[in-house]
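The next block holds one structure in the form of structure tokens; read it before the comments.
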Amino acid sequence: MSDITLNTSVAGVPEASAPRRPPAMAVGPVAWLRANLFSSWINTAVTLALGYLIVRYAISFVDWAFLNAIWSVPNNQTQVCRDAKGTGACWAVITEKHRFILFGTYPYDEHWRPLIVCFLFTGLYIVSAMRRFWRWELALVWAATLTLIGVLMWGGVFGLTYVPQERWGGLAITLILATFGLAFAFPLAILVALGRRSSMPAIRILCIVYVELIRGVPLISLLFMASVMFPLFMPEGINIDKLLRAQVAVILFAGAYLAEVVRGGLQALPKGQYEAADALGLSYWQKTGFIILPQALRLVIPPLVNTFIGFFKDTSLVLIIGIFDLLTAGKTAIVEPAWQGFGVEVYVFISIIYFAYCFAMSKYSQNLEADLNRHRVR
Numbered sequence: 020m021s022d023i024t025l026n027t028s029v030a031g032v033p034e035a036s037a038p039r040r041p042p043a044m045a046v047g048p049v050a051w052l053r054a055n056l057f058s059s060w061i062n063t064a065v066t067l068a069l070g071y072l073i074v075r076y077a078i079s080f081v082d083w084a085f086l087n088a089i090w091s092v093p094n095n096q097t098q099v100c101r102d103a104k105g106t107g108a109c110w111a112v113i114t115e116k117h118r119f120i121l122f123g124t125y126p127y128d129e130h131w132r133p134l135i136v137c138f139l140f141t142g143l144y145i146v147s148a149m150r151r152f153w154r155w156e157l158a159l160v161w162a163a164t165l166t167l168i169g170v171l172m173w174g175g176v177f178g179l180t181y182v183p184q185e186r187w188g189g190l191a192i193t194l195i196l197a198t199f200g201l202a203f204a205f206p207l208a209i210l211v212a213l214g215r216r217s218s219m220p221a222i223r224i225l226c227i228v229y230v231e232l233i234r235g236v237p238l239i240s241l242l243f244m245a246s247v248m249f250p251l252f253m254p255e256g257i258n259i260d261k262l263l264r265a266q267v268a269v270i271l272f273a274g275a276y277l278a279e280v281v282r283g284g285l286q287a288l289p290k291g292q293y294e295a296a297d298a299l300g301l302s303y304w305q306k307t308g309f310i311i312l313p314q315a316l317r318l319v320i321p322p323l324v325n326t327f328i329g330f331f332k333d334t335s336l337v338l339i340i341g342i343f344d345l346l347t348a349g350k351t352a353i354v355e356p357a358w359q360g361f362g363v364e365v366y367v368f369i370s371i372i373y374f375a376y377c378f379a380m381s382k383y384s385q386n387l388e389a390d391l392n393r394h395r396v397r
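Remember, this note's numbering sits 19 above the position in the sequence shown when you count from 1.
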């Protein structure tokens, strides 16, 4: 029925009147609260109890983090923080140690270089997320940006001081491991997923062995093997950088997990799509690249991004082989006796950085999924 009601005028001619709004208790925030939080006495009791706890702990957190917090201390005189006895956060440790946490042991006077690198990585993510830039020129942008990042981190050219990889650390290392790891693991995962569905037994068995072998061991074991065992098999005099070995381990590990996600999308695709592509006379790679893969990847956007987020955080495991990522730099920052006992503030600061990147990936995946599946909405 139409929302427009008809009124009869004096002359008997019907005229339209403004549509009536539904009652406030039927739609809107009040109706949502009644339906979801206060639908019964049990839900009401649980809602009030949780609301009380949330408000209570939120007020305590605000008091600790802001109202009673200590933001700076003169000349590392941390006794002021210790006298507070936990009633307020000692953010002075972040004020004093934030450069070490973010850049590790990179030369102090050259901290502007990893800072620019972090901005370049973030800008690269933002540009790559915009669909209007999804053209072949984007590959050139990636190549140019990664080359510039390498020049800034290593130096040795254009008047920049050479900095060996052993001095790299902090957020830049985390972004390097995550970016290169996922950038190389995703194409590998697609090939492995296609290989597991191949009609050629040798390729299918090889892909199955790779996936099951890698997924059967934790990432820590792969990092240990890359750091300790792998150099033993190399010819004498050849030594591959530790960061590169860790990067390869991350790529292989991420590729195995992503391959299963992609394979799930391939299996979820209706068989009619394969038959329609065959009926058009397309070759295997034409069918896969233009019809099968785009639809399969669209179906598995949530688990793909969930895996991306997980591996972005798993880069912190490289601390066990002595690579100064963001978490390792934060732990090392409070080794100094003057700042021992203020690890909570450091971990809160690090968690905010991780949360910012992970939450951005999560929100982007939701928007991308809604945009790509807009044609499905009735």
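All C-beta atoms, glycine included, are put in the ideal place defined by N, C-alpha and C. Quantities reported herein were computed from a predicted structural model and do not represent experimental measurements.
Item	Value
Between which two residues does the alpha helix (DSSP H) harbouring Trp-131 extend?	131-148
By Cβ distance below 6 Å, which residues in the same chain neighbour Phe-368 in space, the five residues on each side in sequence not counted?	Ile-113
Quick check on Gly-300: buried or exposed, where buried means 16 or more other Cβ atoms within 10 Å of its Cβ?	exposed
Using a Cβ distance threshold of 8 Å, determine whether the region 208-224 contacts the region 277-285, with at least three qualifying pairs required.	yes
Would you give the residue range spanned by the alpha helix (DSSP H) that Thr-66 belongs to?	60-81
Hey, would you say Leu-210 sits closer than 8 Å to Thr-334, going by beta carbons?	no
Please state if the CB of Ala-111 and the CB of Val-92 are separated by a distance shorter than 8 Å.	yes
Note the first and the last residue of the continuous alpha helix (DSSP H) segment covering Trp-173.	156-173
Ile-310 and Gln-292 - do their beta-carbons sit closer together than 8 Å?	yes
CA-CA distance, Leu-69 and Trp-83?	21 Å
Applying the 10 Å Cβ sphere with the 16-neighbour rule, what's the burial state of Ile-166?	Reading off the sequence, residue 166 comes out as Thr, not Ile. That one is exposed.
Using a Cβ distance threshold of 8 Å, determine whether the region 183-192 contacts the region 239-255, with at least three qualifying pairs required.	no
Once you ignore the five residues that flank Tyr-125 on each side, which residues in its own chain have a CB closer than 8 Å to its CB?	Arg-132, Pro-133, Val-182, Arg-186, Trp-187, Gly-188, Gly-189, Ala-191
Please state whether the Cβ-Cβ distance between Val-324 and Ser-381 is less than 8 Å.	yes
In terms of alpha-carbon separation, which member of Ile-78, Ser-79, Ala-103 lies closest to Trp-90?	Ala-103
Ordered along the chain, which non-local residues of its own chain (more than five positions away) have a Cβ less than 7 Å from that of Gly-329?	none
Check for me: the alpha helix (DSSP H) holding Pro-321 runs from which residue to which?	320-333
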